[in-house]
Amino acid sequence: MSILRHELTIATAPVTRHNGGIAPSSRVLVMGGSAERRGVLTEGLRAQGIRLVGGLEDDPTTIIDAGVWGRADSDWRTPFRETIAALRAVGGSWASGQTYGRYTYVAVVGGVSNGAPRAEHGIWSGLAKSVAREYPTAIGRVVELPEDAADAGTLLAHALTSTMAIEVRHDGHTLSTPLAVTRSAIRTARRLGRADTIVMTGGARGIGYALAVELARRGTRVIVSGRDDHHEFRAEAWAKLDEAGFQKQYRSALIDAKPGGIAAVRKEFERRTRMRALLSNLAAAKREGLDLGYERCDVQSAESVQQLFHRINGDITLVIHNAGIDDPKRIDQKTTASMERVISVKLDGLRNLQAAIEGRNVEALALTGSLTGRYGGMRGQLDYSAANETLAFVSREETARPYRIVCTSWPTWDGVGLISNLEAARQYMEPIDVAEGVRAWIDELEHDSRGEVAFMGEFAAVSAQHLQGVPIPSNWSGAGEMLARRFFLGEVLSYQPEARIVTTHRVPVATAPSLASASVNGSPALPVSAVVEYLVRSTDGFLIDLGEVCALTALVIYSDALAVDDQTVLTRTARLIDRRRVEVTLARQRDGHERSLARTVLHCGPRADHRIRTASVEPEGCTDAREVDYQWPSAEASSLAFTSGEKITLFGGSPLLLTKTRSAAIENAIAAAYGRRLPAELRIERLVVRKTNDQSPTSTAEPMDTASARR
1 MSILRHELTI ATAPVTRHNG GIAPSSRVLV MGGSAERRGV LTEGLRAQGI
51 RLVGGLEDDP TTIIDAGVWG RADSDWRTPF RETIAALRAV GGSWASGQTY
101 GRYTYVAVVG GVSNGAPRAE HGIWSGLAKS VAREYPTAIG RVVELPEDAA
151 DAGTLLAHAL TSTMAIEVRH DGHTLSTPLA VTRSAIRTAR RLGRADTIVM
201 TGGARGIGYA LAVELARRGT RVIVSGRDDH HEFRAEAWAK LDEAGFQKQY
251 RSALIDAKPG GIAAVRKEFE RRTRMRALLS NLAAAKREGL DLGYERCDVQ
301 SAESVQQLFH RINGDITLVI HNAGIDDPKR IDQKTTASME RVISVKLDGL
351 RNLQAAIEGR NVEALALTGS LTGRYGGMRG QLDYSAANET LAFVSREETA
401 RPYRIVCTSW PTWDGVGLIS NLEAARQYME PIDVAEGVRA WIDELEHDSR
451 GEVAFMGEFA AVSAQHLQGV PIPSNWSGAG EMLARRFFLG EVLSYQPEAR
501 IVTTHRVPVA TAPSLASASV NGSPALPVSA VVEYLVRSTD GFLIDLGEVC
551 ALTALVIYSD ALAVDDQTVL TRTARLIDRR RVEVTLARQR DGHERSLART
601 VLHCGPRADH RIRTASVEPE GCTDAREVDY QWPSAEASSL AFTSGEKITL
651 FGGSPLLLTK TRSAAIENAI AAAYGRRLPA ELRIERLVVR KTNDQSPTST
701 AEPMDTASAR R
């Protein structure tokens with residue numbers, strides 16, 4: 001699997017009117033920021049008729065958090081503690097809700113006169129992008145406003161209600177949003193080699209070590225660092241054990257632990273595991289003859305960082321801020337102090353680095369970021385998302401520093417790094433291959449890249465808000481599939497992302513006439529394959545990667561309910577049976593009446609890079625003698641496409657018909673079994689969408705396998 005490199009540009013935010021969390025029924029709490037700026041926000045929002053509440057005791061449904069907005073000092077801990085206290089206080093109601101969008105958390109960030117926000121603002125941006133992981137029905141938004149805007153409250157209200165974008169900037173005139181654009185790395189600045197010295201914070205383990213080794217193999221002098229004194233542990237008995245002996249010692253310690261002491265044993269052996277990895281890696285580098293050294297350094301200590309650079313002789317070509325810690329626990333299961341440590345290693349560590357290299361001949365400062373900052377983290381990564389977003393903000397700061405700054409934001413790496421639960425991470429995005437990631441990383445270091453550059457693998461489970469609120473670049477090869485996922489998600493009503501999702505779908509026959517391209521008894525109708533697509537796409541929005549749908553069983557389609565017009569609305573209910581099966585029902589609302597349209601059980605399997613080519617149906621015996629005359633247009637119109645154009649491809653599009661060649665396969669298989677006379681209650685025991693390894697585009701007009709269809 002290849003990884004996708006993309007850079008961020010700014011695009012006009014598409015307009016989608018909605019309540020933005022400030023509806024008449026909302027209870028809005030404004031907090032954070034300087035007193036003067038908070039007053040400007042409050043005054044402007046009140047002038048818009050928005051109902052403001054005085055404190056957390058009023059059970060707010062929306063929190064507008066100005067964080068450090070308007071504050072002149074560099075203290076981020078005090079407002080951060082206030083924010084975490086607020087998020088914990090509303091947790092009881094916000095975590096138990098099922099009505100999607102009832103709760104909203106808004107982070108207000110921004111610099112003076114549209115200057116780039118300071119790095120500290122990234123804390124609140126990261127929190128907002130990840131709040132939906134803690135409270136799934138909540139919406140997280142980031143709004144960038146000029147700190148000196150006199151009408152900031154009015155601008156904020158306009159930004160919240162005018163677009164669905166998670167991240168939006170209002171400069172006083174226009175709304176814009178970050179847009180990821182796929183680009184290959186630009187020109188090479190210089191090749192790294194024997195003449196270069198690279199200093200890394202962290203780098204003794206995980207992905208940092210993988211990078212350090214590859215750089216050292218090129219002849220580069222590499223210095224990695226960490227808080228631990230490896231000389232102190234080298235003589236310990238547990239450090240000399242082989243892996244089998246170490247695991248035996250661990251099991252024995254667990255057995256011998258006193259009541260209540262299991263956690264302490266696990267923590268101690270986690271520390272020992274880290275030390276063993278450090279010693280093993282340094283020994284391996286020495287055996288290979290690499291110029292890879294280790295220095296003790298605590299990046300949270302300005303003095304320690306200064307001492308590190310005093311010990312290094314000669315010029316330093318590149319400094320890589322790679323240190324990081326993660327404590328992936330829910331907000332109610334970890335302390336505020338532990339969350340501060342996660343942020344401090346990234347943010348305070350960076351500030352200490354910048355002070356230490358001041359006046360030195362450093363060509364570049366490379367920051368190791370994460371997609372948790374760009375798009376939000378997994379459940380339990382509020383702080384980790386916040387920490388990494390500060391690095392992205394630093395890379396956008398407008399400074400006169402003599403060195404370039406680049407922040408590379410990475411997904412999960414396969415088997416290495418800070419992710420303690422790889423299978424949980426895999427639910428969101430496929431991990432990238434280590435060797436491929438290191439090659440891409442070195443390419444970035446050797447190119448004249450600046451700002452934030454992000455890399456990603458193949459998306460798996462995507463939350464409802466991210467499907468709705470993250471712009472999709474038109475030049476991305478996966479844009480069509482992601483737009484299809486967004487379109488068929490519909491409007492979310494009830495959201496239990498690990499149990500049940502209820503959505504509504506207005507059928508856009510005016511802009512997507514293919515969705516009314518069939519006919520029933522001479523009247524426009526949804527194609528049967530469109531109904532199947534609405535059923536199949538119900539797996540999107542769940543925060544469990546179900547894989548991809550392989551078959552539908554017990555499928556019932558009420559063909560006499562297929563009639564459609566521009567007033568038709570579908571209601572879909574998807575309920576998880578287990579991690580591979582979903583029960584789905586689809587109802588049609590038209591002319592004030594609701595009718596059952598379809599139901600089925602979806603069976604999912606692992607994702608595969610195969611193209612859908614064939615479908616087979618196994619009709620179930622039906623005693624219903626009623627039939628309808630069903631006609632579907634030629635297969636030439638059967639492939640799904642989304643209209644191109646910048647505004648449409650950012651957030652939506654109009655489907656021409658169903659994805660890949662699934663529609664043609666389904667329609668042809670059903671036609672082979674039934675012809676044009678469908679039972680009013682069409683029952684299909686099993687509908688299988690087969691796959692092939694052929695990667696070439698498939699003609700929708702080619703013959704489809706219907707050998708297993710029978711009446």
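Per the UniProt record's numbering, residue 1 is the first one in the sequence shown, and the count goes up by one each step.
C-beta atoms are modelled at their ideal positions from N, C-alpha and C, and glycine is treated no differently.
Distance, residue j Cα to residue i Cα
i	j	result
G44	T83	22 Å
residue 722	R217	Outside the shown range of the chain (1 to 711) lies residue 722, about which nothing can therefore be said.
Y294	V345	18 Å
T372	Y630	48 Å
S559	A499	29 Å
I10	A157	21 Å
L4	I405	21 Å
P14	H173	15 Å
A664	G547	22 Å
A641	G480	Reliability of the predicted coordinates at A641 is poor, the pLDDT of 41 falling under 50, and the value obtained from them is presented with this limitation in mind. Between A641 and G480, the C-alpha separation is close to 7 Å.
P411	H593	47 Å
P328	R379	7 Å
A671	W632	9 Å
residue 771	I331	No answer is possible for residue 771: the residues shown for the chain start at 1 and end at 711.
A551	R686	7 Å
L221	L192	Looking at the sequence shown, residue 221 is not Leu but Arg. Distance between the alpha carbons of R221 and L192 is about 10 Å.
S176	A89	32 Å
Q249	A239	11 Å
Y135	E340	21 Å
L658	R581	Because the pLDDT of L658 is 42, which lies under 50, any placement of that residue in the model is unreliable, and the number read from its coordinates should be weighed accordingly. Those two C-alpha atoms are separated by around 22 Å.
residue 731	T182	For residue 731 there is no data in the structure shown, the boundaries of the chain being 1 and 711.
Q333	G91	12 Å
L350	T390	9 Å
G111	D414	37 Å
H447	R190	7 Å
H6	L678	48 Å
Pick from the options that is closest to residue i, judged by C-alpha positions
i	options	result
A518	T511, A530 and A587	A530
R590	E134, V507 and L546	V507
residue 713	R401, S338 and R396	The requested residue 713 does not occur in the structure, where the chain is confined to residues 1 to 711.
G32	A479, R5 and Y105	Y105
R118	T137, G101, E167 and P146	P146
G67	R88, R37 and Q48	R37
G97	A138, L87 and A107	A138
A237	Q300, P411, L562 and R272	R272
R683	P606, V601 and W632	V601
G377	D326, R341, E681 and Q354	D326
E397	G451, N521 and A132	G451
S463	G49, I666 and R133	R133
A366	D383, V502, A323 and Y384	A323
N361	S385, G314, D151 and A400	G314
P497	Q465, A23, R486 and H505	Q465
I223	R251, L282 and E243	L282
P513	L483, V564 and A400	V564
Anticipated Cβ contact below 8 Å, residue i with residue j, distance rounded
i	j	result
Y403	A356	13 Å between Cβ atoms; not a contact.
R374	A392	7 Å
L279	R234	6 Å
Y534	L586	6 Å
L562	L526	5 Å
R205	A277	5 Å
V532	I666	6 Å
V305	L347	At roughly 13 Å, the Cβ-Cβ gap does not stay under 8 Å, so V305 and L347 are not in contact.
Subject >> Three or more C-beta pairs below 8 Å linking the segment 537–545 and the segment 571–580 >> reply: At 8 Å Cβ cutoff, the stretches touch.
**OP:** Examine the Cβ distances between the segment 6–18 and the segment 158–171 and report whether three or more of them are shorter than 8 Å.
**Re:** Taking 8 Å as the limit for Cβ pairs, the verdict is that the segment 158–171 does touch the segment 6–18.
Subject >> Stretch pair the segment 72–80 + the segment 463–471: three plus CB contacts closer than 8 Å >> reply: no
**OP:** Inspect the CB distances between the segment 55–72 and the segment 197–216 and report whether three or more fall short of 8 Å.
**Re:** no
Original post:
Going along the chain, which unbroken runs of the beta strand (DSSP E) with 3 or more residues stay wholly within the segment 500–524?
Top reply: 500–506 and 518–520
Original post:
Looking at C-beta atoms only, is the number of pairs between the segment 204–217 and the segment 436–444 that lie closer than 8 Å three or more?
Top reply: yes
**OP:** Entirely within the segment 248–323 and at least 4 residues each: give me those alpha helix (DSSP H) ranges in chain order.
**Re:** Qualifying alpha helix (DSSP H) stretches, in chain order: 262–287 and 302–311.
Original post:
Counting pairs of Cβ atoms below 8 Å between the segment 260–272 and the segment 305–317, do you hit three or more?
Top reply: As far as the Cβ criterion goes, the segment 260–272 does not touch the segment 305–317, which means the pair count is below three.
Subject >> Three-pair Cβ contact test at 8 Å for the segment 169–187 versus the segment 134–149 >> reply: Touching, yes, given that three or more Cβ pairs across the two stretches are closer than 8 Å.
Original post:
Should the segment 250–260 be called in touch with the segment 221–229, which here means at least 3 C-beta pairs below 8 Å?
Top reply: Between the segment 250–260 and the segment 221–229 there are fewer than three inter-stretch CB-CB distances shorter than 8 Å, so the stretches are not counted as touching.
**OP:** Counting only runs of 3+ residues fully inside the segment 170–252, write out the beta strand (DSSP E) ranges in chain order.
**Re:** 175–182, 197–201 and 221–226
Original post:
Hey, which unbroken runs of the beta strand (DSSP E) at 3 residues or more fall wholly within the segment 330–396?
Top reply: 364–370
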